[in-house]
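Engineer: Below you'll find the structure I mean.
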Amino acid sequence: MNQRAEKMEVIQTLVEYTGRLINGINEAVDSFHEGMEGKGMDLVVQIIDGLKWTMEAITLTLDAQVEPVDVSEIIEPLNAMIEALENIDYVLIGDVLEYEILPKVEEWNQKLNLTIGE
Amino acid sequence: MSYSLYEKNIQEYMKRTGKNIRAYEKNSNAVLEKTKDNYYTVKINESGREVYIHSKYSPIKEAERFVEKLEDYNIKTVFIVYGMGLGYHILELIKYLHKENPLIIIEPNEGVLSKAFSIYDWTPLLRRDKTYIFTGTNANALKLVLGEFIDISNVENLMLLPFSQYHKIYSVFYEKVIEEVKNYFSLFKISKNTKEHFWEQFNKNFFNNLHSIFYQRSINDLKNQFKNVPAFIVSAGPSLDKNVKELKNVKDKGIIFSGGRTLPTLLNHNIEPHFVVSMDPGIAAYHVLKDCADHKFPLITTVVSNDTVISEHQGDVFYISNSEYRGLVQYFTQRDMDILPLGASVANASLAIAVYLGCNPIIFLGQDLAYTDGKHHADSCGGTTLKEDDDLIEVEGIDGNKVFTNSVWHTFLMWMEKFIIHNPNKTYIDATEGGAKIHGTDIMTLRQAIEKYCLKNEFIQDKINTIIKAKKIGYQDEKLQRLLMNLKVDLEKVHKISSQGFKEAHQLLNKENTDEKDIRRLNLFETQLNDLIKRNEAVADILLRIINDIDTNNEFIEKMNESKEEKCRRLINRNVALHKKIEDTAFNINKLVQSVIDQDIEIIKIFQCSISFV
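Take a look at the structure:
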């Protein structure tokens, strides 16, 4: 398999993975709203791990993407998340997930979809 | 900040609660911040960390989500919201509430409420009926507020809604809130279960006691007759044996109240109580004192207390009325007879009676409310030891150490503490010398209490004798007969109306497409019953408690946004239950009335015979 084909396969995985990540973020947001902070925090840990892998994979496949994803856009929301986590501010954690991170991951998912739909 | 808006809210809040929220503004840890969608959120600095109370992106969406969780409530549900914040969720919630729904909002941080007052006009909410915004973290103050809203009719219809992360930020107070709500729940649940359990027993007791109620004294005859006389309330806790003998020194310098269980112990120590208090409607009240049930000490009891205790007793009786028999008592005696808050134990009742009589201070002994030395009761009162399956609750002891109590005693303890809070102008002494701490009492030994407070002869026995003589009622059996016959006739009418009402409502259960016409027809039966209620206060008592029971049953309370069909179905079911209950009750009470008539006729015959013989 050539390098491009390998990258296309990774992008395919990324599309599926970001789809699951979106579901996970929504579930975490619901957990915080329903007062299930414990479950929400477990999901946040998994979401941050997932974002880390997603960002690495996006960076590695940048040259194969039709509409390249700028992962640096997520730095600011992640900093806000760190601040919220430090303060154990569940309202802010939920807010950052819902209004900052979720729209970015949805946008990435759409852009990556364009590449595999080519 | 709009100054006039803020001032308006502050003034209205002060009017309602007496609390000046402005005083908290200066040291507030709450800061307003604009949200992304141009509303406000509030950020607080709590224990060194900064946290948001509302979303800083969309507090309105957050408020909408808050009410999405609402389900299974009706127009009588009591809403307790933990967290006011800036109140977006409260405004959303109000849209879904009926004007009948009580709403208690608890805001632990006064500074946050101050911010809410600065951005919105809360006066309509503050003026709303059955609404209270509680601020701060004083559990005792909260207990009083909850007591204003929670009662026996809605205790199973409460909804506690924590908002946002309030339950995490103010978690300690949240635990307190849950504890207080649970306490009310168990307090009223016990009361409700007792009433349901003793419903028939109450009726039987009342009519069996009726002759005595008719001729004996009312508790009102004792009202404030013993101002500032020390009262000693003797209970059967394990510590009683330690110090009961000291009571001999009270003599006529203080009033001694005994329960049934403690009477043999007192008599064994040659101590004569001034009053014996008996409350229990069940036969257990008789069993605890049966060896001396024929005592002659004045008995203070209620109109529905155990009939055997009253019939065996050989002395005078002072009756306390009962909220559900007020009309019946009035109908038969045409005298004032007060209802006292009697709690759930003889000691609870004795406390309320002592205060009613004007006594001060009130001194408790044998009031362990805990398993002192692993025992239920004092050995002299038939003490049993702690069993493995007893439910144990840890509470603070009088020496600050932990002691074990159970859920029933805990209810008695809570009741006492609440009563003390509501009656602050008295001195309360716990001279038990052991057991659980009763908050609001001073702790001392019984000897110290007697030495400190029993300073002069109060001639209590003479006073009691004078009152008893002055309130003697002469022979009036024919009058009692007339009243009984009149009640019997009216109850027969009630029975007839409800039998027909039940029959028609029952038929509608199987009818498809019922409509308002059917309901109007059913309402006619209730209208006829209402006419009888208006005419006869005894009938009113009997019927209104059934109607009240039915109308506080969640099954029959109007649901929010119910359809016409659901409404018809609910009202038909209500009528079936209502008329069935009334039909049965009227029948059963009439049997009791008839048995009193028969007994009284016998008495009248004997009386008339003795007159003609003389």
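Read top to bottom, the protein sequences are chains A and B.
Here the first sequence stands for residues 188 to 305, numbered as in the numbering used here.
Here the second sequence stands for residues 519 to 1132, numbered as in the numbering used here.
Glycine is no exception: its CB is placed at the ideal position from the N, C-alpha and C atoms.
Applying the 10 Å Cβ sphere with the 16-neighbour rule, what's the burial state of E243 (chain A)?
Structural biologist: Locating residue 243 (chain A) in the first sequence gives position 56, where the first residue counts as 1. Result: exposed.
Engineer: List, from N- to C-terminal side, the alpha helix (DSSP H) runs of 4 residues or more that fit wholly inside the region 907 to 991 of chain B.
Structural biologist: 925 to 940, 964 to 971 and 978 to 988
Engineer: So, for E293 (chain A): in the same chain, excluding its five sequence neighbours on each side, which residues have a beta-carbon less than 7 Å away from its beta-carbon?
Structural biologist: By one-based count along the first sequence, residue 293 (chain A) stands at place 106. Contacts found: I209.
Engineer: Residues in its own chain within less than 8 Å of I1068 (chain B) by CB, not counting five upstream and five downstream?
Structural biologist: Position 550 of the second sequence, counting from 1, holds the residue named residue 1068 (chain B). Contacts found: F1074, R1092, A1095, L1096 and K1099.
Engineer: Kindly indicate the opening and closing residues of the beta strand (DSSP E) around M1078 (chain B).
Structural biologist: As a position in the second sequence, residue 1078 (chain B) is number 560, starting the count at 1. Taken as a continuous stretch (DSSP letters only), M1078 (chain B) belongs to no beta strand (DSSP E), as it is neither H nor E.
Engineer: Chain B beta carbons: is any one of them nearer than 8 Å to that of N274 (chain A)?
Structural biologist: Here residue 274 (chain A) refers to the residue found at position 87 when the first sequence is read from its first residue. So yes, N274 (chain A) belongs to the interface.
Engineer: Tell me, please, which residues DSSP counts as bridged to A548 (chain B).
Structural biologist: The residue given as residue 548 (chain B) occupies position 30 in the second sequence. Partner(s): B:I562.
Engineer: Would DSSP call V596 (chain B) helix, strand or coil?
Structural biologist: By one-based count along the second sequence, residue 596 (chain B) stands at place 78. Reduced to three states, the DSSP call for V596 (chain B) is strand.
Engineer: Who are the Cβ neighbours of V1132 (chain B) in its own chain at under 7 Å, not counting the five residues just before and after it?
Structural biologist: For the purposes of this step, residue 1132 (chain B) is taken as the residue at position 614 of the second sequence. The pLDDT assigned to V1132 (chain B) is 42, lower than 50, so where the model puts this residue is not dependable; a value taken from the coordinates is nonetheless given after this. Within the same chain, V1132 (chain B) has no close Cβ partners at all.
Engineer: Check for me: the beta strand (DSSP E) holding Y650 (chain B) runs from which residue to which?
Structural biologist: Reading the second sequence from its first residue, position 132 is the one you call residue 650 (chain B). Per DSSP, Y650 (chain B) belongs to the beta strand (DSSP E) from T649 to T653.
Engineer: Give the interface partners of S573 (chain B) over in chain A, defined as CB-CB distance under 9 Å, in chain order.
Structural biologist: As a working mapping, residue 573 (chain B) is identified with position 55 in the second sequence. Within chain A, the residues V278, L279, G281, D282, E285 and Y286 have their CB atoms less than 9 Å from the CB of S573 (chain B), given in chain order.
Engineer: Can you pull the chain A residues whose beta carbon is under 8 Å from the beta carbon of E568 (chain B), in chain order?
Structural biologist: One-based indexing of the second sequence puts residue 568 (chain B) at position 50. Those are N274 and D276, listed as they occur along chain A.
Engineer: Let's see if you can read the secondary structure: which residues bound the alpha helix (DSSP H) around M677 (chain B)?
Structural biologist: The count along the second sequence starts at 1 and reaches residue 677 (chain B) at position 159. Not the alpha helix (DSSP H): M677 (chain B) falls in the beta strand (DSSP E), residues L676 to P680.
Engineer: With burial defined as no fewer than 16 other Cβ atoms inside 10 Å of the residue's Cβ, what is the status of P633 (chain B): buried or exposed?
Structural biologist: Locating residue 633 (chain B) in the second sequence gives position 115, counting from the first residue. Residue 633 (chain B) is actually Lys in this sequence, not Pro. Flag for K633 (chain B) reads buried.
Engineer: Could you tell me the distance, in whole angstroms, from the CA atom of T783 (chain B) to the CA atom of N767 (chain B)?
Structural biologist: Taking the first residue of the second sequence as position 1, residue 783 (chain B) is located at position 265. Taking the first residue of the second sequence as position 1, residue 767 (chain B) is located at position 249. If you draw a straight line from the Cα of T783 (chain B) to the Cα of N767 (chain B), it is about 16 Å long.
Engineer: Which residues of the region 670 to 692 of chain B have a Cβ closer than 8 Å to any Cβ of chain A? Give them in chain order.
Structural biologist: Taking 8 Å as the Cβ-Cβ cut-off against chain A, the residues of the region 670 to 692 of chain B that qualify are P680, S682, Q683, H685 and K686.
Engineer: Among the candidates B:D770, B:K1035 and B:D1116, whose CA atom is the shortest distance from the CA of K1085 (chain B)?
Structural biologist: Numbered from its first residue, the second sequence carries residue 1085 (chain B) at position 567. The shortest C-alpha separation from K1085 (chain B) is found at B:K1035.
Engineer: Less than 8 Å separating the beta-carbons of V1012 (chain B) and L1062 (chain B)?
Structural biologist: In the second sequence, counting from the first residue as 1, residue 1012 (chain B) sits at position 494. In the second sequence, counting from the first residue as 1, residue 1062 (chain B) sits at position 544. In this structure, the beta-carbon distance from V1012 (chain B) to L1062 (chain B) does not fall below 8 Å.
Engineer: Can you list, in chain order, the residues of its chain with a C-beta nearer than 8 Å to that of F744 (chain B)? Leave out the 5 residues immediately preceding and following it.
Structural biologist: Mapped onto the second sequence, residue 744 (chain B) falls at position 226. Correct list, in chain order: I773, L875, G876, C877, E976, I978 and K981.
Engineer: Decide if M797 (chain B) is buried, meaning its Cβ has at least 16 other Cβ atoms within 10 Å, or exposed.
Structural biologist: The residue you call residue 797 (chain B) lines up with position 279 of the second sequence. So M797 (chain B) counts as buried.
Engineer: If we cut at 8 Å on Cβ distances, does E214 (chain A) have a partner in chain B?
Structural biologist: Taking the first sequence and counting its residues from 1, one reaches residue 214 (chain A) at position 27. No, its Cβ sits nowhere closer than 8 Å to a Cβ of chain B.
Engineer: Would you say E224 (chain A) reaches chain B, if we count a Cβ-Cβ gap shorter than 8 Å as a contact?
Structural biologist: Start at 1 with the first residue of the first sequence, and residue 224 (chain A) comes out as number 37. Yes, contact with chain B.
Engineer: Out of B:E525, B:I986 and B:V549, which one is the CA nearest neighbour of N538 (chain B)?
Structural biologist: Taking the second sequence and counting its residues from 1, the one referred to as residue 538 (chain B) is at position 20. If we check each option's Cα against that of N538 (chain B), B:E525 comes out closest.
Engineer: To the nearest angstrom, how far is it from the Cα of I1060 (chain B) to the Cα of I939 (chain B)?
Structural biologist: Mapped onto the second sequence, residue 1060 (chain B) falls at position 542. Mapped onto the second sequence, residue 939 (chain B) falls at position 421. Each residue's Cα considered, the two are about 33 Å apart.
Engineer: Do you know offhand how far M532 (chain B)'s Cα is from D886 (chain B)'s?
Structural biologist: Sequence index remark: in the second sequence, residue 532 (chain B) carries index 14 (1-based). Sequence index remark: in the second sequence, residue 886 (chain B) carries index 368 (1-based). Straight-line Cα distance between these residues: approximately 41 Å.
Engineer: How should R567 (chain B) be labelled, buried or exposed, when 16 other C-beta atoms within 10 angstroms of its C-beta is the threshold for buried?
Structural biologist: For the purposes of this step, residue 567 (chain B) is taken as the residue at position 49 of the second sequence. Burial call: exposed.
Engineer: Under a three-way DSSP split, which group does I493 (chain B) fall into?
Structural biologist: Past the boundaries of the shown model lies residue 493 (chain B); chain B is included only from 519 to 1132, so the question cannot be answered.
Engineer: Out of B:I916, B:K893 and B:G918, state which residue places its alpha-carbon closest to the alpha-carbon of L910 (chain B).
Structural biologist: Here residue 910 (chain B) is taken as the residue at index 392 of the second sequence, counted from 1. The residue from B:I916, B:K893 and B:G918 with its alpha-carbon nearest to that of L910 (chain B) is B:K893.
Engineer: Would you mind telling me which residues of chain A sit closer than 8 Å to R735 (chain B), beta carbon to beta carbon, in chain order?
Structural biologist: Within the second sequence, the letter at position 217 stands for residue 735 (chain B). The contacting residues do not exist; R735 (chain B) stays about 57 Å from chain A at best.
Engineer: Under the rule that 16 or more other beta-carbon atoms within 10 Å means buried, what is K298 (chain A), buried or exposed?
Structural biologist: In the first sequence, the residue the question calls residue 298 (chain A) occupies position 111. K298 (chain A) should be labelled buried.
Engineer: Might you give, ordered along the chain, the residues of its own chain that have their beta carbon closer than 8 Å to the beta carbon of L1009 (chain B), omitting 5 neighbours on each side?
Structural biologist: Working through the second sequence from its first residue, we reach residue 1009 (chain B) at position 491. Excluding positions up to five away in sequence, the list reads V1057, I1060, A1104, I1107, N1108 and V1111.
Engineer: Which whole-angstrom value describes the C-beta separation of H572 (chain B) and S682 (chain B), a residue pair presumed to lie in contact below a C-beta threshold of 8 Å?
Structural biologist: By one-based count along the second sequence, residue 572 (chain B) stands at place 54. By one-based count along the second sequence, residue 682 (chain B) stands at place 164. With a Cβ gap of about 7 Å, H572 (chain B) and S682 (chain B) count as contacting.
Engineer: Whole angstroms is fine: what's the gap from K239 (chain A)'s alpha carbon to H607 (chain B)'s?
Structural biologist: For the purposes of this step, residue 239 (chain A) is taken as the residue at position 52 of the first sequence. For the purposes of this step, residue 607 (chain B) is taken as the residue at position 89 of the second sequence. Their backbone Cα atoms lie some 36 Å apart in a straight line.
Engineer: The beta strand (DSSP E) spanning S704 (chain B) covers which residue range?
Structural biologist: If you number the second sequence from 1, residue 704 (chain B) lands on position 186. Here S704 (chain B) belongs to no beta strand (DSSP E); instead the alpha helix (DSSP H) covers S689 to Y733.
Engineer: For the region 578 to 609 of chain B, enumerate the residues whose C-beta is nearer than 8 Å to any C-beta of chain A, in chain order.
Structural biologist: Only those residues of the region 578 to 609 of chain B whose C-beta falls short of 8 Å from the nearest C-beta of chain A are listed: E580, R583 and K587.
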